[in-house]
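Below you'll find the structure, written out as structure tokens, and then a few comments.
2 protein chains.
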Amino acid sequence: MNLKELSERLGLSQTTVSRALNGFPEVSEATRTKVQAAARRYNYRPNMRARGLATGRAMAIGHVIPVSSKHEIVNPVFADFIAGAGETYSGADYDMVLTVVSDADEADAYRKLRAKGTVDGIIVHGPKVDDSRIALLHEIGLPFVVHGRSSEAALSYSWLDVNNRRAFERATSFLLDLGHRRIALVNGLETMDFAFRRRRGYEAALAARGLAPDPALILSDEMTEANGYRATHRLLELAAPPTALLTSSYISAIGARRAVEERGLKLGRDISIVTHDDELSYFRNGEDVPIFTATRSSVREAGRQAAAMLLDLIADPDQTPQTRLLEAALIVGASTGPAPRP
Amino acid sequence: MNLKELSERLGLSQTTVSRALNGFPEVSEATRTKVQAAARRYNYRPNMRARGLATGRAMAIGHVIPVSSKHEIVNPVFADFIAGAGETYSGADYDMVLTVVSDADEADAYRKLRAKGTVDGIIVHGPKVDDSRIALLHEIGLPFVVHGRSSEAALSYSWLDVNNRRAFERATSFLLDLGHRRIALVNGLETMDFAFRRRRGYEAALAARGLAPDPALILSDEMTEANGYRATHRLLELAAPPTALLTSSYISAIGARRAVEERGLKLGRDISIVTHDDELSYFRNGEDVPIFTATRSSVREAGRQAAAMLLDLIADPDQTPQTRLLEAALIVGASTGPAPRP
DNA sequence: TGGGATTTCCAAAGCGCTTTAGTTGCCAAT
DNA sequence: ATTGGCAACTAAAGCGCTTTGGAAATCCCA
Numbered sequence: 004m005n006l007k008e009l010s011e012r013l014g015l016s017q018t019t020v021s022r023a024l025n026g027f028p029e030v031s032e033a034t035r036t037k038v039q040a041a042a043r044r045y046n047y048r049p050n051m052r053a054r055g056l057a058t059g060r061a062m063a064i065g066h067v068i069p070v071s072s073k074h075e076i077v078n079p080v081f082a083d084f085i086a087g088a089g090e091t092y093s094g095a096d097y098d099m100v101l102t103v104v105s106d107a108d109e110a111d112a113y114r115k116l117r118a119k120g121t122v123d124g125i126i127v128h129g130p131k132v133d134d135s136r137i138a139l140l141h142e143i144g145l146p147f148v149v150h151g152r153s154s155e156a157a158l159s160y161s162w163l164d165v166n167n168r169r170a171f172e173r174a175t176s177f178l179l180d181l182g183h184r185r186i187a188l189v190n191g192l193e194t195m196d197f198a199f200r201r202r203r204g205y206e207a208a209l210a211a212r213g214l215a216p217d218p219a220l221i222l223s224d225e226m227t228e229a230n231g232y233r234a235t236h237r238l239l240e241l242a243a244p245p246t247a248l249l250t251s252s253y254i255s256a257i258g259a260r261r262a263v264e265e266r267g268l269k270l271g272r273d274i275s276i277v278t279h280d281d282e283l284s285y286f287r288n289g290e291d292v293p294i295f296t297a298t299r300s301s302v303r304e305a306g307r308q309a310a311a312m313l314l315d316l317i318a319d320p321d322q323t324p325q326t327r328l329l330e331a332a333l334i335v336g337a338s339t340g341p342a343p344r345p
Numbered sequence: 004m005n006l007k008e009l010s011e012r013l014g015l016s017q018t019t020v021s022r023a024l025n026g027f028p029e030v031s032e033a034t035r036t037k038v039q040a041a042a043r044r045y046n047y048r049p050n051m052r053a054r055g056l057a058t059g060r061a062m063a064i065g066h067v068i069p070v071s072s073k074h075e076i077v078n079p080v081f082a083d084f085i086a087g088a089g090e091t092y093s094g095a096d097y098d099m100v101l102t103v104v105s106d107a108d109e110a111d112a113y114r115k116l117r118a119k120g121t122v123d124g125i126i127v128h129g130p131k132v133d134d135s136r137i138a139l140l141h142e143i144g145l146p147f148v149v150h151g152r153s154s155e156a157a158l159s160y161s162w163l164d165v166n167n168r169r170a171f172e173r174a175t176s177f178l179l180d181l182g183h184r185r186i187a188l189v190n191g192l193e194t195m196d197f198a199f200r201r202r203r204g205y206e207a208a209l210a211a212r213g214l215a216p217d218p219a220l221i222l223s224d225e226m227t228e229a230n231g232y233r234a235t236h237r238l239l240e241l242a243a244p245p246t247a248l249l250t251s252s253y254i255s256a257i258g259a260r261r262a263v264e265e266r267g268l269k270l271g272r273d274i275s276i277v278t279h280d281d282e283l284s285y286f287r288n289g290e291d292v293p294i295f296t297a298t299r300s301s302v303r304e305a306g307r308q309a310a311a312m313l314l315d316l317i318a319d320p321d322q323t324p325q326t327r328l329l330e331a332a333l334i335v336g337a338s339t340g341p342a343p344r345p
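What follows is the structure, encoded as structure tokens:
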């Protein structure tokens with residue numbers, strides 16, 4: 004069923020039918036209800052390609068998810084972010100277009116998306132400290148919102164981020180308050196902006212107590228379970244092992260726990276762990292009492308909000324870049340305790 | 004840059020330019036190369052909406068991911084499947100359109116996708132034992148491939164699945180061979196087809212040794228870490244606890260391990276665990292020696308292949324439904340050992 | 001009762017592409 | 001010199017919608 008057929012069946016012009024359905028005022032209420040009823044009866048939905056062609060809008064948002072070409076790792080946080088964004092889109096009748104690319108092809112993917120006209124805007128995932136995509140998207144003139152930030156980006160842009168620096172500063176202070184002095188950081192790749200900021204928060208907290216960071220206690224790698232395990236394993240073998248550690252993701256925390264338990268140590272007594280918790284739906288951090296003490300911020304909610312920001316930006320493209328900084332809650336669980344007496 | 008501009012700049016008709024770029028034979032090689040060069044220079048890419056309108060093809064595949072309305076859980080396996088499918092699509096110049104819906108709205112989502120004409124085909128995720136979507140998609144006439152199967156579906160359809168029954172039958176036999184007799188099954192929700200099949204494999208293996216399944220040892224729920232923990236915790240508190248258990252996902256296995264270790268038991272000695280391993284990129288099952296004994300099958304590869312099957316089906320819609328059954332490997336890791344002497 | 005204002009509807013252009021149905025020019029064959 | 005055939009190109013219709021620029025019908029008030 005298309006507009007032409009529907010309008011013929013109603014004995015009205017395509018114009019009137021179109022206007023009736025799209026809520027224009029120059030159509031009487033009587034015919035509007037008649038049209039709406041007919042549309043429902045015949046399950047008529049405007050063809051999006053035709054509408055897009057006529058309006059110049061695609062009614063779709065692009066998400067480009069980078070897959071690091073070396074490791075081929077898909078960000079586990081991604082699924083929940085998408086779910087959140089998806090909620091916002093379906094409420095606004097937008098589609099979500101996903102493109103999976105290795106970082107080598109990423110620039111081309113954006114240009115393509117632009118030239119093909121498949122999307123009205125883009126969510127940028129996983130920004131690096133110095134991320135070329137921001138300049139690129141400015142250049143090609145496609146509205147975008149970054150999930151995270153890019154510390155060294157020259158141009159201004161819209162973003163939504165967790166206050167990673169503050170979160171890790173607080174987490175570190177918390178451990179210091181418990182008497183820990185050798186605190187390790189099992190970070191994500193520090194080319195990633197979030198990891199860079201977390202490191203700075205960690206260092207700031209140490210500095211505030213007059214402590215210098217020990218390079219041997221700072222590790223950084225992709226946030227997989229295996230890497231969390233390996234990093235922790237290595238840390239525990241040091242001559243002067245840490246009494247506490249911060250991990251950058253719940254997934255690496257799981258790996259860290261494995262290493263801790265394998266060694267016969269007890270979490271929260273022999274060694275403390277604070278992790279960042281994105282509130283992944285399949286990986287809840289405990290039910291009543293959190294398993295891990297954590298800096299918590301829902302990535303799903305971030306998805307919802309980032310999507311809403313982008314839709315806003317598309318509706319009014321001339322607005323100045325919007326930014327939103329979410330604070331992470333520091334929740335106390337069973338994985339931390341006072342530093343063991345030496 | 005659009006076709007009209009490009010053709011004017013070249014002093015050719017739109018027809019010729021279009022044909023040159025789309026590889027039609029009725030254009031001389033000389034002009035073809037000229038046209039291609041110009042297209043590259045001006046970064047011309049056909050507008051997909053216009054092309055779609057003209058050809059009737061969207062050059063996009065829809066993925067509808069159900070979010071169970073009660074628990075709002077996003078399938079953790081999903082990200083890797085998408086990554087695999089994405090590889091196939093980008094090679095074939097297809098886009099991927101994601102729709103996140105709660106199961107209540109799912110039927111409507113498919114109809115909408117069809118009527119709006121945004122996609123040429125659909126991948127069905129997470130089929131239930133008796134899944135209404137198969138009849139629905141037949142009815143609305145949109146090509147589709149199911150990732151998994153629906154045991155009670157009346158109509159035939161294309162699918163790609165892991166041999167879940169065989170995998171769990173083998174896994175159970177493996178444990179039986181090790182002397183285990185009380186073997187628990189920590190399954191996914193048994194409304195899901197894969198979980199249903201795994202249960203049958205488990206039961207078949209027991210039956211083959213003349214053992215009757217003990218209902219107290221069979222649990223089924225959403226495959227989260229928390230549920231894996233809870234189920235295992237409960238099992239270990241039984242008067243006659245199992246000496247081995249099968250878990251339906253790597254995520255629940257992590258929870259199971261937590262329960263085991265919390266109790267001070269040693270995995271592979273005091274209790275054995277076999278899990279299904281989807282080879283999630285962020286959750287590798289060990290590096291050289293697998294952590295868990297597992298039935299392994301790459302969900303990413305499944306994504307690649309399912310997508311390829313769908314593209315095939317779209318290219319030739321009249322073909323009979325294609326099916327592909329992937330066998331899972333049974334890999335032996337550190338989580339299993341002989342049944343402890345009572 | 002007439003004429004402007006208002007309401008309600010419509011014909012047709014246009015979005016950027018593909019594709020059908022030619023047209024043109026050229027050469028070989030008659 | 002004509003014809004037929006082929007290679008190389010083009011004009012224009014059409015995909016299904018929105019939207020511009022009217023036109024017709026109705027209404028209101030002098």
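Protein chains in written order, with our numbering: chain A, 4 to 345; chain B, 4 to 345. Built from N, CA and C at the ideal position, the CB exists for glycine as well.
Name the two residues that bound the continuous beta strand (DSSP E) containing A/Arg299.
296–299
How about the segment 272–288 of chain A and the segment 239–252 of chain A: do they share at least three Cβ pairs that are nearer than 8 angstroms?
yes
What residue from B/Ala198, B/Ser255, B/Gly182 has the CA that sits closest to B/Gly340's CA?
B/Gly182
Assigned exposure category for A/Arg233 - 16 Cβ within 10 Å defines buried
buried
Can you list, in chain order, the residues of its chain with a C-beta nearer than 6 angstroms to that of A/Arg327? Leave out the 5 residues immediately preceding and following it.
Leu163
If you draw a straight line from the alpha carbon of B/Ser159 to that of B/Pro324, how long is it in whole angstroms?
7 angstroms
Interface residues of chain B around A/Gly267 at Cβ under 8 angstroms?
Those do not exist, as A/Gly267 stays about 10 angstroms from chain B at its closest Cβ, beyond 8 angstroms.
Contact belief for B/Gly258 with B/Ala337 at Cβ below 8 angstroms, rounded distance in angstroms
Not confirmed; about 18 angstroms, so no contact.
Proximal residues, the segment 124–137 of chain B versus chain A, C-beta separation under 8 angstroms:
none
Under DSSP, the beta strand (DSSP E) around A/Val104 begins and ends at which residues?
98–105
CB of B/Val122 within 8 angstroms of CB of A/Ser93, strictly
no
Could you run through the segment 36–62 of chain A and flag, in chain order, every residue whose CB is less than 8 angstroms away from some CB of chain B?
Asn46, Tyr47, Arg48, Pro49, Asn50, Met51, Arg52, Ala53, Gly55, Leu56, Ala61
Tell me the rounded alpha-carbon separation between A/Lys119 and B/Arg48.
6 angstroms
Burial state of A/Gly26, where buried means 16 or more other Cβ atoms lie within 10 Å:
exposed
Is there a Cβ of chain A sitting closer than 8 angstroms to that of B/Gly120, yes or no?
yes
Check A/Asp164 in the structure and name its three-state DSSP category.
strand
Let me check understanding here. Comparing Cα to Cα, which of A/Ala332, A/Arg307, A/Ala262, A/Ala174 lies closest to A/Val148?
A/Arg307
For chain A, check one thing: does any of its Cβ atoms lie closer than 8 angstroms to the Cβ of B/Phe286?
yes
Short Cβ contact (8 angstroms threshold) for B/Leu145 with B/Gly124
yes
Is B/Asn150 helix, strand or coil by DSSP?
The amino acid occupying residue 150 of chain B in the given sequence is His; Asn does not appear at that position. In this structure, B/His150 counts as strand in the three-state DSSP scheme.
Distance between beta carbons of B/Ile76 and A/Ser300, contact taken as under 8 angstroms
Not really, about 19 angstroms apart at Cβ, beyond 8 angstroms.
Step through the CB atoms of chain A and report whether any lies within less than 8 angstroms of the CB of B/Met195.
no
Using three-state DSSP, classify A/His128 as helix, strand or coil.
coil
At which residues does the beta strand (DSSP E) containing B/Gly271 begin and terminate?
Here B/Gly271 belongs to no beta strand (DSSP E), and DSSP marks it neither H nor E.
Decide if A/Glu330 is buried, meaning its Cβ has at least 16 other Cβ atoms within 10 Å, or exposed.
exposed
In this structure, how does DSSP classify B/Thr278 when only helix, strand and coil are distinguished?
strand
What three-state label does DSSP hand B/Pro69 in the structure shown?
strand
Cβ pair B/Ala88, B/Ala318 closer than 8 angstroms:
no
My understanding is that B/His141 touches B/Ile126, with C-beta atoms under 8 angstroms, so please give their C-beta distance in whole angstroms.
Between B/Ile126 and B/His141 the Cβ distance is about 15 angstroms, and since that is not below 8 angstroms, they are no contact.
Does B/Ile2 come out as helix, strand or coil in the three-state DSSP assignment?
This structure gives no information on residue 2 of chain B, because the portion of chain B shown stretches from 4 to 345.
Report the neighbours of B/Thr227 on chain A: residues whose CB is nearer than 8 angstroms to its CB, in chain order.
Ser284, Tyr285, Phe286, Arg287
Here's a check: name, in chain order, each residue in its chain whose Cβ is nearer than 6 angstroms to the Cβ of B/Ile221, leaving out the five neighbours to either side.
Leu188
List, in chain order, every chain B residue whose beta-carbon is nearer than 8 angstroms to that of A/Lys115.
Arg48
Determine the direct distance from the alpha carbon of B/Arg43 to that of A/Arg184, and round the result to whole angstroms.
59 angstroms
Does the CB of B/Ile254 have a neighbour CB from chain A at under 8 angstroms?
yes
Taking contact to mean at least 3 C-beta pairs separated by less than 8 angstroms, is the segment 95–112 of chain B in contact with the segment 31–41 of chain A?
no
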